Amino acid sequence: MTHIPSTTRGAPEHVAIIMDGNGRWAGRRGLPRTEGHRRGIEPARMVVRYCAEHGVKVLTLFAFSSENWKRPQAEVGTLMDLFIRSMSKEVPDLIEKGIRLNFIGERQAFSQKLQKAMAKAEADTADNQRMDLFVAVGYGGRWDITQAALSLAEDIAAGRVEAANVTPEHLRKHISTAAMPDPDLLIRTGGEQRISNFLLWQMAYTELYFTPILWPDMQSADMDQAFEFFASRSRRFGHIDEQLNRQERA
Ligand code: IPE
Ligand code: IPE
Ligand code: MG
Numbered sequence: 131m132t133h134i135p136s137t138t139r140g141a142p143e144h145v146a147i148i149m150d151g152n153g154r155w156a157g158r159r160g161l162p163r164t165e166g167h168r169r170g171i172e173p174a175r176m177v178v179r180y181c182a183e184h185g186v187k188v189l190t191l192f193a194f195s196s197e198n199w200k201r202p203q204a205e206v207g208t209l210m211d212l213f214i215r216s217m218s219k220e221v222p223d224l225i226e227k228g229i230r231l232n233f234i235g236e237r238q239a240f241s242q243k244l245q246k247a248m249a250k251a252e253a254d255t256a257d258n259q260r261m262d263l264f265v266a267v268g269y270g271g272r273w274d275i276t277q278a279a280l281s282l283a284e285d286i287a288a289g290r291v292e293a294a295n296v297t298p299e300h301l302r303k304h305i306s307t308a309a310m311p312d313p314d315l316l317i318r319t320g321g322e323q324r325i326s327n328f329l330l331w332q333m334a335y336t337e338l339y340f341t342p343i344l345w346p347d348m349q350s351a352d353m354d355q356a357f358e359f360f361a362s363r364s365r366r367f368g369h370i371d372e373q374l375n376r377q378e379r380a
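Add 130 to a position in the sequence shown, counting from 1, and you land on the number used in our numbering.
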């Protein structure tokens, strides 16, 4: 019998979050958008702690998309400052909590200083094993699939893979989260019900949870709700319920 991936029950293994709504949070208070980004750091800290405590193995946070480069220069600049500052501040805590930090996205677009800080934070946390934290910066799902296709094309050109035998598995191996299971649960705050070029390949069977809460207002009780939603889903992966029930009884 083919293996049917675990059907829910309990905590999701991989949680992905689109942290949206910072600008609107600030706008409603008559504050500059950048203040919303500043206030978005605490909820990011909270979800890292929450997921680690709930046995989540992988947490992926969407911090800056490939399209966010199009925002006004001053806003992009503030976001870069925030990334650098929070990285040096948070790393000791991540080490203490046993969390391994990884960045996914097109790094070359960032300043040398930021690229170095990212590499250092990854090296400093590389031995941690409790949870993997992926921070997606300069990330786009289409970029990810494109860079994977380029790597696969190199494999083909070098004779390591034969074009006629290519399967989705060959491409999957080059996707930036290849070593990780696909996300079980996506949470998007801010009320929009779209993917905005996040993990396009990886979210083929992800359960999608949308909430109107603006990211700076996100609380652990909202995470409870998202996890309850997840636990109530019946994940069939193309099978029919009866097949899943049979596996559960076995
Ligand atoms: C998410 O909040 C943070 C980033 C995209 C960097 P936004 O800045 O998109 O906030 P809204 O959606 O405009 O409220
Ligand atoms: C998605 O939010 C990207 C991040 C949260 C980092 P956006 O605010 O950029 O998405 P759109 O523009 O509303 O689709
Ligand atoms: Mg937004």
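Idealized CB from N, CA, C, for every residue including glycine. No experiment lies behind these values; they were computed from the predicted model shown.
Point to revise | ligand 2 heavy atom lying under 7 angstroms from the CB of residue 217 | key: Not under cutoff, so the answer is no.
Review point. Beta carbon of residue 257: closer than 7 angstroms to some heavy atom of ligand 3?
Key: Distances taken from the Cβ of residue 257 to the heavy atoms of ligand 3 include none shorter than 7 angstroms.
Exercise for review: Quick one: grab the DSSP three-state call for residue 374.
Suggested key: In the structure shown, residue 374 falls within a helical segment according to DSSP collapsed to helix, strand and coil.
Review point. Is it buried or exposed for residue 196, if we count other Cβ within 10 angstroms and need 16 for buried?
Key: It counts as buried.
Point to revise | Segment contact, 8 angstroms Cβ cut-off, at least three pairs: the region 144-155 with the region 172-191 | key: The region 172-191 and the region 144-155 touch, with three or more beta-carbon pairs separated by less than 8 angstroms.
Practice item. Pair every Cβ in the region 240-257 with every Cβ in the region 325-335, then say whether three or more of these pairs are closer than 8 angstroms. Key: Verdict: no, contact absent.
Check your understanding: Within the present structure, is the beta-carbon of residue 347 separated from the nearest heavy atom of ligand 3 by less than 7 angstroms?
Key -> Relative to the non-hydrogen atoms of ligand 3, the Cβ of residue 347 never comes closer than 7 angstroms to any of them.
Practice item. With DSSP as the reference, label residue 344 as helix, strand or coil. Key: Coil at residue 344, not helix or strand.
Exercise for review: Using the DSSP secondary-structure output, state which residues sit across from residue 233 in a beta bridge.
Suggested key: DSSP lists 265 as partners of residue 233.
Practice item. Could you tell me which of 375, 168, 349 sits nearest to residue 206, measuring between CA atoms? Key: With distances taken between Cα atoms, residue 206 lies closest to 168.
Review point. Does DSSP put residue 138 in a helix, a strand or coil?
Key: Low per-residue confidence applies at residue 138: pLDDT is 44, beneath 50, and the placement is therefore not dependable enough to give any value.
Exercise for review: Rounded to whole angstroms, what's the CA-CA distance from residue 177 to residue 261? Just pull it up for me.
Suggested key: Distance between the alpha carbons of residue 177 and residue 261: 12 angstroms.
Practice item. Note down the Cα distance separating residue 132 from residue 201, rounded to an integer number of angstroms. Key: Here residue 132 scores only 41 on pLDDT, less than 50, and its place in the model is too uncertain to base an answer on.
Exercise for review: Quick one: measure Cβ to Cβ for residue 264 and residue 248, integer angstroms, because I've assumed they're closer than 8 angstroms.
Suggested key: No, residue 264 and residue 248 are not in contact; Cβ-Cβ is about 12 angstroms, not under 8 angstroms.
Check your understanding: Any heavy atom of ligand 1 closer than 7 angstroms to the CB of residue 352?
Key -> Shortest gap from the CB of residue 352 to any heavy atom of ligand 1: 7 angstroms or more.
Practice item. Look at the Cβ atom of residue 150, then the Cβ atom of residue 336, and state whether they are nearer than 8 angstroms. Key: If you check the CB distance, residue 150 and residue 336 do not come in under 8 angstroms.
Review point. Just checking my contact of residue 374 with residue 363 at CB under 8 angstroms: how many whole Å lie between their CB atoms?
Key: Not quite, the Cβ-Cβ distance comes to about 12 angstroms (not below 8 angstroms), so this is no contact.
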